[in-house]
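Numbering (our numbering), first residue to last: 139 to 937. Taking it in order: structure first as structure tokens, then the write-up.
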């Protein structure tokens, strides 16, 4: 490509970026100004809800993002979250601990985390546009693909979640492959660098459950490109460089996925090997082409029939599939190499959406078997559908009227089937009054589909008016829910007022876990196996308010445990010092005030407490458990097992035998020692960071002290600045170390040698990539004549 053509392309791409910023910024204008939010810890109102995940977007991800930003700003590595469940893996969780763009955005805009969510939508939309443009599709068609990628499909339901991070890297990786595998394209070194960068950011993107699906899309399109461009025979070196670039990118970004693989391999993952069979009911198919069929929102009780919209469809969804197939077969055979892969991924995705013909069984192997396909499979086929949309707009005008009418008829038939299934389900659930709303939604979708197909025919005769593109933009914005949360609910709860680091809190009726308070609760897909199994033994399904709730979730923010005196005794044995409830706690017996003598079970009411960092006026009721240590387990006996697994099984048997109460015996893994337990230990202080925990205490005698902090793989322990062995207590639920008599300073370091090496690789790799891109920028900025003079002069000086 000549310099003139490159400048023209740059202007075109910048124009597209400006257009996308205008459209997306207009939709999210109030969010950018800070008068509205995409994340919330506020109560979710009854009725139509908001754009984005209404629960996980604020209650789960917001504290994690805050904690990670706090860690990086304090120059701590995000290894462990010490504030949940005695310490859970943070680097291995589905957050954003090492995704550089998001970290920088949160550090630059610490009071509005929603800004990154909007930036991410713009990046995805522009990437989809660039990818469609690289396939030599029309400018308007590529713009439509960008708008659909950013404001429809999987983005609106997940706009406030980290799972979009892998998706925004996908179009740029495919773009790099497009230029690198085509021997006719210039600047292979630059595109090799682009591919390495894209793979690095994909690996660091922070939602590892999506990485295998992104890999499938990359492989499918990569194979199609290799076959179409005959890369193996024409330019084998390019293929070798492509493979090497991918490997180098995976090595540099290994810190983003290896800790998760390690944690899942050790049994810390909450997903089962049958999660890949999760699918939506067949009557939910209509939402893909009739977005208003369940009301103009992602959730609209009761018309949603208990389901959530994880893919915001469009009336032209099936029409695009049909028309793009006709285009590839009859009118634009040169596009088959990328239309057929896009069609295959999209059609398979639609079948997998409702698990038609049992297609999801093909994912019955690692690492796909534990992925929730009902929610995440769409991430693998929405971008390909957007490419089909660009194909339809570019070449749809070539279709004959009869073919366009046939496409409408075919699409209408599919929509009628979806509408009949949905209305039948409404009737079966005694929701007959909502049937007419569903029918109106279907008629509206049919009308818009007809108008879109008609616009293709009009574009055939009146070139340059972009009717179809403008219609797609208008239709996408119309169907997009724009109900945002108030900013008062977008703040992070940091801690209840007056709660110190030596406390362990159990939260009831709390939607968001505070980010800087040690809590027994846990809400993360990756948690220590010992915590999951022991909590399941202490709180079996019969002791939960919802017996169908997954015990692998431990004690999440939802109220699962029945509140009674038995609960208090169990919490006491787990080291809980305080209970915080949004409503007055009721355990079936009076709870005296703490100014009087505590109840027989050691519980007293301390009054109300402000939830610091929450929305204005938020508060809860706090109750103290007296005589409990949140830091040290008062174990009076020690027993040793050869392995952590054996110790865990012994501990579970002891819990069950003790009516769900942690016993006075601690089960340690390792060689039998003559040293006994510390008889008493007075805790002076405990301090947390995301890579270590420091505890200062005074012990009555030398011996083993059991600390209520998780024992995680690769951790190391120091006592008074001397390295000592870390023993897993109760299978890793807690950590035991040997301390001398008197004062001791214990430091639990959760940064393992392997993770430190992975961080070093990422740091060095990112620096080298930044230097390389700076070099590319400098070389591109210099005029060619000036650059040739510099190179020639450098050669003369060398001689």
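Ideal placement from N, C-alpha and C gives every residue a C-beta, glycine not left out.
Taking each of 739, 193, 369 and 167 in turn and checking the Cα distance to residue 315, the smallest one comes out for 369. By the Cβ criterion, the region 425 to 435 is in contact with the region 546 to 557, since at least three pairs of Cβ atoms, one from each stretch, lie closer than 8 Å.
Excluding the 5 residues flanking it on each side, residue 864 has same chain C-beta neighbours closer than 7 Å at 849, 853, 854, 855, 873 and 875, in chain order. Taking residue 168 as the centre and dropping the five residues before and after it, the same chain places the C-beta of 174 and 622 closer than 8 Å to its C-beta, in chain order. From the listed residues 244, 615 and 735, the smallest Cα separation to residue 189 is found for 615. With contact defined as three or more Cβ pairs closer than 8 Å, the region 218 to 227 and the region 635 to 654 are in contact. DSSP assignment within the region 465 to 531 yields the following whole alpha helix (DSSP H) runs of 4 residues or more, N-terminal first: 474 to 491 and 511 to 514. CA-to-CA, the gap between residue 344 and residue 240 works out to about 10 Å. Residue range 349 to 367 is occupied by the alpha helix (DSSP H) that includes residue 360.
When only Cα atoms are considered, residue 416 and residue 814 end up about 50 Å apart.
For residue 445, the three-state secondary structure derived from DSSP is coil. Unbroken beta strand (DSSP E) stretches of 3 residues or longer found wholly inside the region 213 to 299: none.
CA-CA distance, residue 569 to residue 499, rounds to 33 Å. The beta carbons of residue 481 and residue 515 sit about 16 Å from each other, so the pair does not count as a contact at 8 Å. Residue 362 sits buried, since 16 or more C-beta atoms from the chains shown fall within 10 Å of its C-beta. In this structure the region 882 to 899 touches the region 388 to 407; the number of beta carbon pairs closer than 8 Å is three or more. With 16 or more other CB atoms across the displayed protein chains lying within 10 angstroms of its CB, residue 866 is buried. Around the CB of residue 459, 16 or more other CB atoms lie within 10 Å, so the residue is classed as buried.
Nearest C-alpha to residue 827 among 197, 165 and 887: 887. Distance from the CA of residue 881 to the CA of residue 819, rounded to the nearest whole angstrom, comes to 9 Å. Contact annotation, residue 729 with residue 741: C-beta distance approximately 6 Å; criterion of less than 8 Å satisfied.
The beta carbon of residue 572 sits closer than 8 Å to those of 440, 441 and 564, all from its chain and outside the five residues before and after it, given in chain order. Per DSSP, residue 830 is not a residue of any alpha helix (DSSP H); the beta strand (DSSP E) it occupies stretches across 830 to 837. Our two residues, residue 235 and residue 306, have alpha carbons roughly 17 Å apart in a direct line. Distance between residue 277 and residue 609, taken at the CA atoms: about 15 Å. If you compare the alpha carbons of 553, 549, 508 and 533 with that of residue 597, the shortest gap goes to 533. With contacts defined as CB atoms closer than 8 Å, residue 408 and residue 665 qualify as a contacting pair. CA-to-CA, the gap between residue 227 and residue 374 works out to about 42 Å. The C-beta distance from residue 470 to residue 545 rounds to 15 Å, too long to meet the 8 Å contact threshold. Across the set 199, 668 and 744, the C-alpha of 668 shows the shortest separation from the C-alpha of residue 791. Cβ-Cβ distances below 7 Å link residue 244 to 203, 207, 251 and 254 in the same chain, with the five nearest sequence neighbours on each side left out; the list follows chain order. With a contact defined as Cβ atoms closer than 8 Å, residue 786 and residue 868 qualify at about 7 Å. Setting aside the 5 residues that flank it on each side, residue 401 is surrounded in the same chain by 227, 230 and 664, each with a C-beta closer than 6 Å to its C-beta; the list follows chain order. DSSP, reduced to helix, strand and coil, places residue 323 outside both helices and strands of the structure shown, so it counts as coil. Note on residue 906: under 16 other CB atoms within 10 angstroms of its CB, so exposed under the neighbour-count rule. Looking only at 585, 628 and 674, the smallest Cα-Cα distance to residue 193 is reached by 628.
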